[in-house]
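J.: One structure, pasted below without further comment.
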Amino acid sequence: SEMTKTVEISGEGGPLGIHVVPFFSSLSGRMLGLFIRGIEENSRSRRDGLFHENECIVKINQVDLTDKTFAQAQDIFRQAMKFRSVILEVLPPYNREQYEKSAIAPLCFLDNEEGVSKPKIPPPVHPKPALKTNNLSGPSSLETDVQATLQQAKSPNLPHLGRKLSSPSLSPLLGFGSKKNAKKIKIDLKKGPEGLGFTVVTRDSSVHGPGPIFVKNILPKGAAVKDGRLQSGDRILEVNGRDITGRTQEELVAMLRSTKQGETVCLVVARQEEAFLPREL
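Counting in the UniProt record's numbering, the sequence shown runs from 1 upward without gaps.
Rendered as structure tokens:
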């Protein structure tokens with residue numbers, strides 16, 4: 001499509017040295033492909049400039065990866081690499097939002113084909129227009145706001161320092177909403193002068209109320225990085241013994257914000273086991 005670029009690679013040149021995780025639509029939660037989370041320094045991909053971090057592979061030799069499982073997508077990639085020439089459709093980060101929107105349309109048609117007289121579900125409408133940000137490289141205004149509160153920022157410029165760290169590249173991690181094969185971890189963080197030191201993000205879940213809330217980034221300063229256990233992609237289940245299922249991101253931030261310096265926040269998070277660890281291809 002016009003949104004993707006075609007990359008032709010040879011299946012014969014040894015491993016590519018890319019680490020991939022599932023690429024989920026932040027709008028519908030559908031699996032759309034493989035997200036390139038990292039590229040090894042001396043790898044073929046880095047040397048030949050084949051891929052860049054934060055790009056997404058959405059088609060392999062004409063096979064569309066939409067709605068495939070992570071395991072299927074990896075398998076398709078591995079099988080393709082047995083051929084001399086492999087043609088990939090790669091989505092650059094700046095077209096991701098548009099691509100996710102275009103991937104919603106087929107869902108509506110499916111409903112109608114099955115003869116189900118459901119109304120078409122419009123894409124989720126964000127309550128804050130601030131989320132419609134044109135700056136695709138930085139975090140959205142809401143996330144910046146959350147970051148500021150979690151850092152207890154006094155100065156309005158502080159959130160911008162975190163811009164480079166808070167790339168939206170972690171959205172694919174947020175695809176899992178299920179608690180299956182996830183382990184629960186209890187983490188106590190003592191709020192110091194630099195705050196709790198992490199940002200959060202929600203995956204919209206349409207009709208059923210607010211979606212699950214995940215840790216987006218661990219900031220370079222604050223309680224989380226000192227403690228070392230909290231990871232980006234962890235789903236937050238409880239704060240100080242209170243179940244936060246069904247609560248909004250704003251409510252969660254308010255709960256975290258109400259913790260005073262020197263007090264401890266007790267978090268229970270779910271971490272997906274094995275399934276979505278980055279795989280090297």
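Cβ coordinates follow ideal geometry from the N, Cα and C atoms, glycine included.
Just to confirm my understanding: we take Y99, look at its own chain, exclude 5 residues before and 5 after, and list those with CB closer than 6 Å. What are they?
T.: The residues are M3 and L91.
J.: Drop a sphere of 10 angstroms on the beta-carbon of G197, count the other beta-carbons inside from all chains shown, and report buried for 16 or more, exposed for fewer.
T.: Label assigned to G197: buried.
J.: Which of the three DSSP states, helix, strand or coil, is assigned to I18?
T.: I18: strand per DSSP, three-state reduction.
J.: How is K216 classed by DSSP in three states: helix, strand or coil?
T.: Three-state DSSP puts K216 in a strand.
J.: Out of curiosity, what's the CA-to-CA distance linking F51 and S45?
T.: Rounded to whole angstroms, F51 to S45 spans 6 Å at the Cα level.
J.: Rounded to a whole number of angstroms, what is the C-alpha to C-alpha distance between A270 and R242?
T.: Between A270 and R242, the C-alpha separation is close to 15 Å.
J.: In whole angstroms, give me the CA-to-CA distance for K186 and L237.
T.: Looking at the two C-alpha atoms, the distance is approximately 10 Å.
J.: Using CA atoms only, rank isn't needed, just tell me which of R235, D188 and V86 is closest to K226.
T.: Ranking R235, D188 and V86 by Cα distance to K226 puts D188 first.
J.: Within the chosen definition, does the stretch 243 to 262 reach the stretch 221 to 235 through at least 3 CB pairs nearer than 8 Å?
T.: No contact exists between the stretch 243 to 262 and the stretch 221 to 235.
J.: Give the DSSP-derived three-state secondary structure of R37 in the structure shown.
T.: DSSP places R37 in strand when its eight states are reduced to three.
J.: Pick from R30, D48 and I60: whose alpha carbon is nearest that of K101?
T.: Closest by alpha carbon: R30.
J.: Report the three-state DSSP secondary structure of S102 (helix, strand or coil).
T.: S102 falls in the helix class under three-state DSSP.
J.: Can you give the Cα-Cα distance for G195 and S232, rounded to whole angstroms?
T.: Their Cα atoms are separated by approximately 17 Å.
J.: Which residue comes first and which comes last in the alpha helix (DSSP H) that contains I236?
T.: Per DSSP, I236 belongs to no alpha helix (DSSP H); it is in the beta strand (DSSP E), R235 to V239.
J.: Give the DSSP-derived three-state secondary structure of Q272 in the structure shown.
T.: Of the three classes helix, strand and coil, the one that applies to Q272 here is strand, per DSSP.
J.: Look at the alpha carbon of S258 and the alpha carbon of P212, and state the distance between them as a whole number of angstroms.
T.: So the two alpha carbons sit approximately 21 Å from each other.
J.: Measure the CB-CB distance between R78 and E12 and report whether it falls below 8 Å.
T.: No, the Cβ-Cβ distance between R78 and E12 is not below 8 Å.
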